[in-house]
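Under my numbering, the letters of the sequence shown match residues 1 to 305, in that order.
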Amino acid sequence: MRRVLVVHFSQTGQLNRLVQSVCAPLQASEGIAVDFLALQPAKPFPFPWPFLGFFRIFPETVLMKPQPLLPLAVDAGRDYDLIILAYQVWFLSPSLPFTSFLATPEAARLLQGKPVVTLIGCRNMWLMAQEKVKARLQDLGARLVDNVVLTDACGTAASFLATPLWMFTGRQKPYSWVPRAGIDETEMAAASRFGAAMANRLLADDLAIDRPMLRGLGAVKVDEKLIASEKVGNRSFTLWSRLLSALGPQQSRRRGAGLVVYIVFLICLIVTVVPITALLKKLLAPLFKARIQREKAYFAGPSGE
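Dropping the structure here:
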């Protein structure tokens, strides 16, 4: 019997549906036992989010400061043949509950020497979050063998409005004039092909998984237009996170005042600098074509586009 552990956390339920789609072929295989570990923060995060409340966790998320979780309902001593880590992206970083899990003693025991598949459901910017997860997995001695990413269907520009409205109203399409936020349901259902490929590999023999299983299946799609934006955004987020963290704890007035300044700065950045940067990148793209292709290939690994 081959054993698979699936670690996941979802506020809206979308990532849970993605997990179920991917894992359905694994669960249907008689020779594979699948355990699910749903992460639960000791103090639940609200959904929908209050506007300022969402930004109050910004520093801890970006700086990957672990927060308390409820006791993990998993046998950390069990030997798994594959571990699937499903996470959301918050502020160009892995979500705070997921970061907190990676800092636990149980994660250190479970992941040591194990093959890992990461499964991401997010708006569209996931490169920097995955880089942080890759670094943490390396520290824990895990082997990243595949990565699957599904992003919002409404597009980069529309999702700047649609996704925040989903977070703050709790509805994927709160108004008729707003595109539906979230991953396309057809694409979500088609994600079962990744689980089927994993099941085939697990049942093929008893050897450890040491190479990608999902190449050629379209597991990821790297948008080269967002690579530079993510790098710049991540540096900015890190600097602001350190500043806001130094102002005081999450609920302090000083942090609240600092967040108001930051939110104004962020809105101005989005409506001015981001469009200008996008235009410059488009104009200069022919000069950096080879470099962009190298970066795309790197970020698409290990599964590839």
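Even for Gly, the Cβ is constructed at its ideal location relative to N, Cα and C.
Given a cut-off of 8 Å, decide if Ile292 and Glu224 are closer than it, judged by their beta-carbon atoms. Yes, the pair counts as a contact, with Cβ atoms nearer than the cut-off.
Determine, using beta carbons only, whether Pro48 and Gly248 come nearer to each other than 8 Å. Judged by their CB atoms, Pro48 and Gly248 are not nearer to each other than the 8 Å cut-off.
Within this structure, are the beta carbons of Ile83 and Leu5 separated by less than 8 Å? yes
Measuring CB to CB, does Val89 end up less than 8 Å from Met64? no
May I ask you to report which of helix, strand or coil DSSP gives Leu82? strand
Taking Gln11 as the reference, give the member of Ser192, Asn234, Tyr87, Gly31 with the closest Cα. In terms of Cα proximity to Gln11, the closest of Ser192, Asn234, Tyr87, Gly31 is Tyr87.
Quick one: Cα of Tyr262 to Cα of Arg255, how far? In this structure, the straight-line span from the alpha carbon of Tyr262 to that of Arg255 is close to 10 Å.
Between the C-alpha atoms of Ser245 and Ala199, what's the straight-line distance to the nearest angstrom? 44 Å
Could you check what DSSP says for Phe45 in three-state terms: helix, strand or coil? Note: Phe45 maps to coil in three-state DSSP.
Using 8 Å as the threshold, is the segment 148-158 in touch with the segment 181-192, meaning 3 or more CB pairs across them? The segment 148-158 makes contact with the segment 181-192: 3 or more CB pairs, one atom from each, lie closer than 8 Å.
Do Arg310 and Ser303 have their CB atoms nearer than 8 Å? Because the chain is modelled from 1 through 305, residue 310 falls outside the range shown and cannot be assessed.
Since Lys147 is in the beta strand (DSSP E), which residue starts that stretch and which ends it? The displayed chain sequence assigns Asn, not Lys, to residue 147. Unbroken beta strand (DSSP E) run through Asn147: 143-151.
Flag this pair as touching only if the segment 100-108 and the segment 52-69 have three or more C-beta atom pairs under 8 Å; answer yes or no. Yes, since at least three Cβ pairs between the segment 100-108 and the segment 52-69 fall closer than 8 Å, the two stretches touch.
Start and end of the alpha helix (DSSP H) containing Leu37? Segment 32-38 is the beta strand (DSSP E) holding Leu37; no alpha helix (DSSP H) there.
Give the range of the beta strand (DSSP E) segment to which Arg306 is assigned. Look at the range of the chain in this structure, 1 to 305, and you will see that residue 306 is not part of it.
Specify, as a first and last residue, the run of the beta strand (DSSP E) that Gly121 falls within. 115-122
Could you tell me if Gln138 is buried or exposed, where buried requires 16 or more neighbouring beta carbons within 10 angstroms of its beta carbon? exposed
Going by alpha carbons, who is nearest to Lys114 out of Lys132, Gly53, Arg78, Ala33? Arg78
By the 10 Å Cβ neighbour count, where 16 or more other Cβ atoms means buried, how is Val220 classified, buried or exposed? Val220 counts as buried, since no fewer than 16 other beta carbons sit within 10 angstroms of its beta carbon.
Does the beta-carbon of Cys122 have 16 or more other beta-carbons within 10 angstroms, so that it is buried, or is it exposed? buried
Could you have a look at Leu63 and say whether DSSP puts it in helix, strand or coil? coil
Nearest-angstrom Cα separation, counted from Ala108 out to Arg201: 25 Å
Beta-carbon contacts of Val148 that lie in its chain and below 8 Å, excluding the five residues immediately before and after: Cβ within range, chain order: Val22, Val117, Thr118, Leu119, Ile120, Ala191, Phe194, Leu214, Ala219, Val220, Ser303.
Whole-number beta carbon distance between Leu259 and Leu52, since they are thought to touch under 8 Å: 6 Å
Could you check the C-alpha separation between Trp166 and Asp206 for me, to the nearest Å? 44 Å
Would you give the residue range spanned by the alpha helix (DSSP H) that Arg254 belongs to? Membership of Arg254 in the alpha helix (DSSP H) is indicated by the continuous run 253-268.
Who are the near neighbours of Lys134 in its chain, counting only those whose CB is closer than 8 Å to its CB and skipping five residues on each side? Cβ within range, chain order: Leu144.
Sub-8 Å separation of Ser241 and Pro59 beta-carbons: yes
Would DSSP call Tyr298 helix, strand or coil? helix
Would you tell me roughly how many angstroms separate the C-alpha atoms of Arg56 and Leu96, rounded to the nearest one? 12 Å
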